[in-house]
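Structure first, commentary second.
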Amino acid sequence: MDQIRVNGIEEAERVLDEMIRNYPKQTVAAGLRAAAKPFVNRTKEAGPSPKFSKLAGVKVYTKGKEPLMAAGQFGGRTKRVWKTLSSYMSMYYIFYWLNHGTLSNRSAAYHFKNARKPVSANWKGGIRATDDIKKAWEVSKARVISAIPVEMRKASERFIKRMQSKTGIK
Numbered sequence: 047m048d049q050i051r052v053n054g055i056e057e058a059e060r061v062l063d064e065m066i067r068n069y070p071k072q073t074v075a076a077g078l079r080a081a082a083k084p085f086v087n088r089t090k091e092a093g094p095s096p097k098f099s100k101l102a103g104v105k106v107y108t109k110g111k112e113p114l115m116a117a118g119q120f121g122g123r124t125k126r127v128w129k130t131l132s133s134y135m136s137m138y139y140i141f142y143w144l145n146h147g148t149l150s151n152r153s154a155a156y157h158f159k160n161a162r163k164p165v166s167a168n169w170k171g172g173i174r175a176t177d178d179i180k181k182a183w184e185v186s187k188a189r190v191i192s193a194i195p196v197e198m199r200k201a202s203e204r205f206i207k208r209m210q211s212k213t214g215i216k
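Next comes the structure, spelled out in structure tokens:
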């Protein structure tokens with residue numbers, strides 16, 4: 047998956063730095079998850095079938111110095127299957143193939159870890175790449191970036207209210 051760094055947005059960076067210093071990691075993660083909602087909703091709409099909307103989600107990693115957010119299609123722990131004529135197949139792989147293509151129709155923009163096997167190196171055809179995730183990001187990028195400071199403030203206010211209710215301070 048491509049890495050996207052948001053540079054040049056001083057307000058978002060300032061709020062994020064303040065949140066990291068002053069609030070627990072769960073609060074920062076909640077703010078990032080809420081900010082990514084426009085992208086997740088757009089990803090759910092962009093899928094070729096409503097069945098693929100179950101795969102869209104957000105993962106937030108707060109173990110390191112800087113929080114990381116990954117949004118897109120994830121396989122998940124549960125098996126979401128697509129029934130074919132004779133067997134069941136994971137919906138994650140079907141969406142992956144539709145998004146990035148197969149055989150000679152692979153997406154040029156996506157970096158595949160493995161090259162095509164020698165057996166299929168000269169095969170033509172395959173599933174055409176639709177690049178739905180990339181298109182969804184291009185459409186919703188501005189809304190996600192502008193939502194980061196707003197959602198971080200909302201998450202910090204929820205945290206403060208929760209702490210005040212636990213301690214009885216008003």
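Take any residue in the sequence shown, count from 1 to its spot, add 46: that is its number in my numbering. Yeah, the Cβ is synthetic: ideal placement off N, Cα and C, and Gly gets one too.
If you reduce the DSSP assignment to three classes, tell me which class residue i lands in.
i    : result
Y278 : What the structure shows of the chain is the stretch from 47 to 216, and residue 278 is not part of that stretch, so it cannot be assessed.
D63  : helix
W169 : coil
R162 : coil
T89  : helix
D177 : coil
K200 : helix
A82  : coil
P195 : helix
P96  : helix
M47  : A caution first: M47 carries a pLDDT of 41, below 50, which makes its placement in the model too unreliable to give a value.
T73  : helix
K111 : coil
Quick check: residue i and residue j, are their CB atoms within less than 9 angstroms of each other?
i    : j    : result
V86  : I194 : no
G93  : F120 : no
S136 : H146 : no
I173 : L149 : yes
P70  : R189 : no
E197 : G77  : yes
A182 : R88  : yes
A58  : V106 : no
A167 : N151 : no
E112 : S99  : no
Under the DSSP definition of a beta bridge, which residues are partnered with residue i?
i    : result
A116 : K105
Report buried or exposed for residue i, applying the criterion of at least 16 other Cβ atoms within 10 angstroms of its Cβ.
i    : result
N160 : exposed
L114 : exposed
M47  : Because the pLDDT at M47 is just 41, under 50, the model does not fix this residue reliably, and the value given afterwards should be weighed accordingly. It counts as exposed.
T213 : exposed
F158 : exposed
Y224 : Here the chain covers residues 47 to 216 and nothing more, so residue 224 does not appear.
R67  : exposed
M209 : exposed
D177 : buried
Y138 : buried
G110 : exposed
S202 : buried
Going by alpha carbons, who is nearest to residue i out of the options?
i    : options                   : result
K207 : E64, A58, E59 and T73     : T73
I191 : N68, R79, K71 and Y69     : R79
P96  : A82, F141, R199 and N151  : F141
K187 : D63, A81, E64 and E56     : A81
E64  : S99, V165, K100 and R199  : R199
W143 : F205, S132, G171 and P164 : G171
Could you tell me whether any non-hydrogen atom of the ligand ADP is closer than 8 angstroms to the CB of residue i?
i    : result
V165 : No copy of the ligand ADP occurs in the structure displayed, which carries no ligand at all.
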